[in-house]
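Engineer: If you scroll down you'll find the structure; I have some questions about it.
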Amino acid sequence: MRAVKKNGPISVQAVAGAYVVLLGINMKETEKNGVLGFGIQRKDLDSNKDPVWLPGFKSFKQASVPPGKRVPTNQHPIQGFLWGDYAALKDHRYSYRIVAMRGQPGNLHESDEVSISVQMEREKKEGHEVYFNRGVAGSQAYVRRFGDKKPDEIGSKAFDWLSRGLVEALISFIRQADGPDWSIHAAVYEFQYPSVLNEFKSAIDTGVDVKIVFDLKNENKFNKEGQPKGPWKGNLQALRDSKIPNSCLKPRRTNPSYISHNKFIVLLQNDIPKQVWTGSTNITLGGIFGHSNVGHIVRNETVANAYEMYWRQLNTDPKATDLRPWNNENSPVPHGAPSTNSVQVIFSPRTSLEALEWYVSRMDAANTATFLTAAFGVNDLFENVFSTKKNNLRYLMLESEDEDMEKLRSWKFNRISIGNVLGENIFEQWLAETLTGFNRHVKYIHTKYMLIDPLSDDPIVITGSANFSDASTKLNDENMLVIRGDTSVADIYLTEFMRLFTHFYFRMIVKGIGPAALDPEAGHLKDDDSWLLPYYQADNPKCKERLYFAGEQPF
Numbered sequence: 013m014r015a016v017k018k019n020g021p022i023s024v025q026a027v028a029g030a031y032v033v034l035l036g037i038n039m040k041e042t043e044k045n046g047v048l049g050f051g052i053q054r055k056d057l058d059s060n061k062d063p064v065w066l067p068g069f070k071s072f073k074q075a076s077v078p079p080g081k082r083v084p085t086n087q088h089p090i091q092g093f094l095w096g097d098y099a100a101l102k103d104h105r106y107s108y109r110i111v112a113m114r115g116q117p118g119n120l121h122e123s124d125e126v127s128i129s130v131q132m133e134r135e136k137k138e139g140h141e142v143y144f145n146r147g148v149a150g151s152q153a154y155v156r157r158f159g160d161k162k163p164d165e166i167g168s169k170a171f172d173w174l175s176r177g178l179v180e181a182l183i184s185f186i187r188q189a190d191g192p193d194w195s196i197h198a199a200v201y202e203f204q205y206p207s208v209l210n211e212f213k214s215a216i217d218t219g220v221d222v223k224i225v226f227d228l229k230n231e232n233k234f235n236k237e238g239q240p241k242g243p244w245k246g247n248l249q250a251l252r253d254s255k256i257p258n259s260c261l262k263p264r265r266t267n268p269s270y271i272s273h274n275k276f277i278v279l280l281q282n283d284i285p286k287q288v289w290t291g292s293t294n295i296t297l298g299g300i301f302g303h304s305n306v307g308h309i310v311r312n313e314t315v316a317n318a319y320e321m322y323w324r325q326l327n328t329d330p331k332a333t334d335l336r337p338w339n340n341e342n343s344p345v346p347h348g349a350p351s352t353n354s355v356q357v358i359f360s361p362r363t364s365l366e367a368l369e370w371y372v373s374r375m376d377a378a379n380t381a382t383f384l385t386a387a388f389g390v391n392d393l394f395e396n397v398f399s400t401k402k403n404n405l406r407y408l409m410l411e412s413e414d415e416d417m418e419k420l421r422s423w424k425f426n427r428i429s430i431g432n433v434l435g436e437n438i439f440e441q442w443l444a445e446t447l448t449g450f451n452r453h454v455k456y457i458h459t460k461y462m463l464i465d466p467l468s469d470d471p472i473v474i475t476g477s478a479n480f481s482d483a484s485t486k487l488n489d490e491n492m493l494v495i496r497g498d499t500s501v502a503d504i505y506l507t508e509f510m511r512l513f514t515h516f517y518f519r520m521i522v523k524g525i526g527p528a529a530l531d532p533e534a535g536h537l538k539d540d541d542s543w544l545l546p547y548y549q550a551d552n553p554k555c556k557e558r559l560y561f562a563g564e565q566p567f
């Protein structure tokens, strides 16, 4: 949900996802002098509780705040024009009061203000359901709740917090199939988390026709370090432990140099495909509770049928040479922009890079802003777009530094964030963070999605299992959804993107990653209004970001 409100010199655009509210703030330049930041007060409209000042992490240096302690924003205001409320509860309604704070540190007073109300987007709704896990075990929030203990030491409270409804939604999706008139057809890559496998076994026991295509392309093969190539060993052990009958399993063995990378499940009732679960989430401990992932349900028979037809091809364990032309014919790449208010699917492998080139063309055709996640680096075709000098904003979230960071940073309106945690650092008021240890390779960003003009009335969301790469397009089994015109879906994806982007961006700066030298005072607030300067410089990305998220400037 989106809302816009103006009062005097301040305007705010609120964008509510399922668990996050973004507040894009703007203030007339002529009225900005003396503003030390913004205090944000929140009222839960579904409770009888009094309004509360939302807390932040940064404080004025002279306050000597203890490590890990959050501070109220009316005393230590937000020195920025974009703020995310990451403690919002799903399905709730909220009112926010945004107040410009003037004065001196320790003696601030309220001045101009604006109030705005929002309704959180519902995860469970007709058409689409979208579930993001927490994706940030290495965070101040985790350390405040659970200290330096790993999730295994804490138990269910930690796992529930990390899942954030993702595994619960997956289990609930499977449980819809509760008798012999239902079928479950799945195509999976890493398929090892016992609780989910047990749900498949329970469905089988109730008479559901369960068939699972799973990756077994490198059975009994190991790399130079003695580790199994691919997920074959973990998959086989987990399937044995779950006691899922072999008659329900179809190993994907053909073309062992490629991978069967899908993560989707089709539900059929009376042999009619009804809905599909897809996204980036491998069914593993790390996929659900570790690095960032999304599960996306589509309740649309046409879309479900497309996945079912694709699944039937996979169930024959076809060669890539046979599957490519089938995918080209049955999931064609759109010509130009996708159809208005549509949901389309693109399956891999394909005979050419046409699909990848089309994704790149959509980024290049964006009017205002694009948002891209890249777990395994940035393809050269995307790098070429990032290096072009256009007036729109481009956001990129990386697992680690790309080999061509200079090219990605070559244009001033490119905004880049890279996964990281805070260890022992120069900011004594911050607690040291650690990861779960569930993920050996990809530790932070595992999602594969791109948002095109998400704050417009006609956004495009591209999401699924495929990394935006040559291999994911021409070699591997993959699936992608292309959703145009659904602002609710776009709002959930955008709020979750910015939650992680801002989280990792600060940690990237602290670790000295990137061209900017670390400001020794970056962990504290400025004690005057000098923090405002870059937000009003027309050639500064912070200025463009201020206007974009506040909904003030058509690009």
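Each residue of the sequence shown is one higher than the one before, starting from 13 at the first, in the working numbering.
Don't be surprised by glycine CBs; every beta carbon is placed ideally from N, CA and C.
(1) Can you find the residues in the same chain that come closer than 7 Å, C-beta to C-beta, to residue 171, ignoring five residues on each side of it along the sequence?
(2) Return the CA-CA distance between residue 34 and residue 94, expressed in angstroms with no decimal places.
(3) Enumerated in chain order, which unbroken segments of the alpha helix (DSSP H) with a length of 4 residues or greater are wholly contained in the region 315-370?
(4) For residue 465, which residues does DSSP report across the bridge?
(5) Beta strand (DSSP E) containing residue 17: first to last residue?
(6) Tell me whether residue 243 is buried or exposed, calling it buried when 16 or more other Cβ atoms sit within 10 Å of its Cβ.
(7) Could you tell me whether the region 441-453 touches the region 293-307, where touching means 3 or more Cβ pairs closer than 8 Å?
(8) Report the three-state DSSP secondary structure of residue 190 (helix, strand or coil).
(9) How would you label residue 144, buried or exposed, when you count the other beta carbons within 10 angstroms and need 16 or more for buried?
(10) Throw me the rounded Cβ distance for the residue 520 and residue 432 pair, which I believe falls under 8 Å.
(11) In terms of alpha-carbon separation, which member of 476, 250, 138 lies closest to residue 357?
(12) Evaluate contact between the region 266-281 and the region 326-336, counting only Cβ atoms and requiring at least three cross-stretch pairs below 8 Å.
(13) Over what stretch of residues does the alpha helix (DSSP H) that includes residue 247 continue unbroken?
(14) Got a sec? Which residues, its chain only, sit under 6 Å from residue 246 by beta carbon, not counting five neighbours each side?
(15) Smallest Cα separation from residue 217: which of 255, 225, 228, 234?
(16) The alpha helix (DSSP H) spanning residue 55 covers which residue range?
(17) On the DSSP bridge assignment, give the partners of residue 489 in chain order.
(18) Grouping DSSP H, G and I as helix and E and B as strand, with all else coil, what is residue 227?
(19) Along the chain, where does the alpha helix (DSSP H) containing residue 559 start, and where does it finish?
(20) Can you tell me whether residue 433 is helix, strand or coil according to DSSP?
(21) Leaving out the 5 sequence neighbours to the left and right, which residues in its chain are closer than 6 Å to residue 419 when beta-carbon positions are compared?
(22) Which same chain residues end up closer than 6 Å to residue 123 when comparing Cβ atoms and leaving out the 5 residues on each side of it in sequence?
(23) Our contact map puts residue 229 next to residue 272 with C-beta atoms below 8 Å; I'd like the distance itself, whole angstroms only.
(24) Using 8 Å as the threshold, is the region 554-566 in touch with the region 17-28, meaning 3 or more CB pairs across them?
(25) Report yes or no: do the region 487-494 and the region 399-408 share at least 3 C-beta pairs separated by less than 8 Å?
(26) On the DSSP bridge assignment, give the partners of residue 278 in chain order.
(27) Closer than 8 Å, CB to CB, is residue 47 near chain B or not?
(28) May I ask which residues mark the beginning and end of the beta strand (DSSP E) holding residue 263?
(29) Using DSSP with H/G/I as helix, E/B as strand and the rest coil, what is residue 95?
(30) Considering only residues of the same chain and omitting the five flanking positions on each side of residue 179, which have a CB-CB separation below 6 Å?
(31) Give me, in chain order, the residues of the same chain whose beta-carbon lies closer than 8 Å to that of residue 160; leave out the 5 immediate sequence neighbours on both sides.
(32) Which term fits residue 106, buried or exposed, when burial requires 16 or more other beta carbons within 10 angstroms of its beta carbon?
(33) Please say whether residue 442 and residue 117 have beta carbons closer to each other than 8 Å?
(34) Based on Cα-Cα distance, which residue from 81, 72, 150, 133 lies nearest to residue 435?
(35) Quick check: the Cα distance between residue 279 and residue 364, rounded to an integer number of angstroms?
(36) Sorry if obvious, but does the Cβ on residue 113 come closer than 7 Å to a heavy atom of the ligand FAD?
Structural biologist: Let's see:
(1) Along the sequence shown, read from residue 1 onward, the residue named residue 171 stands at position 159. Within the same chain, residue 171 has close Cβ partners 163, 301.
(2) On the sequence shown, position 22 is the one that residue 34 refers to. On the sequence shown, position 82 is the one that residue 94 refers to. Spanning the alpha carbons of residue 34 and residue 94 requires a straight line of approximately 7 Å.
(3) Look at the region 315-370 and you find these whole runs of alpha helix (DSSP H), each 4 residues long or longer: 332-342.
(4) Numbered from its first residue, the sequence shown carries residue 465 at position 453. Residue 465 pairs with nothing; no bridge assigned.
(5) To locate residue 17, count along the sequence shown from 1; it is residue 5. Where residue 17 is concerned, the enclosing beta strand (DSSP E) starts and stops at 14-19.
(6) On the sequence shown, residue 243 is found 231 positions in, with the first residue counted as 1. Answer is buried; the Cβ neighbour count reaches 16.
(7) Short answer: they touch.
(8) Here residue 190 corresponds to residue number 178 of the sequence shown, with the count starting at 1. DSSP places residue 190 in coil when its eight states are reduced to three.
(9) To locate residue 144, count along the sequence shown from 1; it is residue 132. Buried, by the Cβ-count rule.
(10) Here residue 520 corresponds to residue number 508 of the sequence shown, with the count starting at 1. Here residue 432 corresponds to residue number 420 of the sequence shown, with the count starting at 1. Between residue 432 and residue 520 the Cβ distance is about 6 Å, and since that is below 8 Å, they are a contact.
(11) Start at 1 with the first residue of the sequence shown, and residue 357 comes out as number 345. Of the candidates 476, 250, 138, the one whose C-alpha sits nearest the C-alpha of residue 357 is 476.
(12) Yes, the region 266-281 is in contact with the region 326-336.
(13) The residue given as residue 247 occupies position 235 in the sequence shown. Per DSSP, residue 247 belongs to the alpha helix (DSSP H) from 244-254.
(14) Numbered from 1 along the sequence shown, position 234 holds the residue referred to as residue 246. Within the same chain, and ignoring the five residues on either side of residue 246 in sequence, the residues whose Cβ sits closer than 6 Å to its Cβ are 204.
(15) Start at 1 with the first residue of the sequence shown, and residue 217 comes out as number 205. Closest in C-alpha terms to residue 217, from the list 255, 225, 228, 234, comes 255.
(16) In the sequence shown, counting from the first residue as 1, residue 55 sits at position 43. Premise fails: residue 55 lies in the beta strand (DSSP E), 47-56, not in any alpha helix (DSSP H).
(17) Within the sequence shown, numbered from 1, the residue matching residue 489 stands at position 477. According to DSSP, residue 489 bridges with 272.
(18) Position 215 of the sequence shown, counting from 1, holds the residue named residue 227. Residue 227: strand per DSSP, three-state reduction.
(19) Position 547 of the sequence shown holds residue 559. For residue 559, the enclosing alpha helix (DSSP H) starts and ends at 553-562.
(20) The count along the sequence shown starts at 1 and reaches residue 433 at position 421. DSSP places residue 433 in coil when its eight states are reduced to three.
(21) Position 407 of the sequence shown, counted from the start, is the residue given in the question as residue 419. For residue 419, where only same-chain residues beyond five positions count, the Cβ hits under 6 Å are 395, 399.
(22) Taking the first residue of the sequence shown as position 1, residue 123 is located at position 111. Cβ neighbours of residue 123 beyond the five flanking positions: 112, 114.
(23) If you number the sequence shown from 1, residue 229 lands on position 217. If you number the sequence shown from 1, residue 272 lands on position 260. The pair is a contact, with the Cβ atoms about 6 Å apart (cut-off 8 Å).
(24) Touching, yes, given that three or more Cβ pairs across the two stretches are closer than 8 Å.
(25) Too few Cβ pairs lie closer than 8 Å, so no.
(26) Here residue 278 refers to the residue found at position 266 of the sequence shown. Here residue 278 is bridged, per DSSP, to 197, 288.
(27) Looking at the structure shown, chain B is missing, and only one protein chain is on hand.
(28) The residue labelled residue 263 in the question sits at position 251 within the sequence shown. Segment 261-264, the beta strand (DSSP E) holding residue 263.
(29) To locate residue 95, count along the sequence shown from 1; it is residue 83. Strand, per DSSP.
(30) Taking the sequence shown and counting its residues from 1, one reaches residue 179 at position 167. Around residue 179: 300.
(31) Along the sequence shown, one-based indexing puts residue 160 at 148. Closer than 8 Å at Cβ, skipping near neighbours: 444, 446.
(32) Within the sequence shown, numbered from 1, the residue matching residue 106 stands at position 94. Around the beta-carbon of residue 106, 16 or more other beta-carbon atoms lie within 10 Å, marking it buried.
(33) Translated into the one-based positions of the sequence shown, residue 117 becomes position 105. Translated into the one-based positions of the sequence shown, residue 442 becomes position 430. In this structure, residue 442 does not lie closer than 8 Å to residue 117 by Cβ.
(34) Locating residue 435 in the sequence shown gives position 423, where the first residue counts as 1. The residue from 81, 72, 150, 133 with its alpha-carbon nearest to that of residue 435 is 150.
(35) Residue 279 sits at position 267 when you count from the first residue of the sequence shown. Residue 364 sits at position 352 when you count from the first residue of the sequence shown. If you take the alpha carbons of residue 279 and residue 364, they lie about 31 Å apart.
(36) Within the structure as shown, the ligand FAD is missing, as the structure has no ligands at all.
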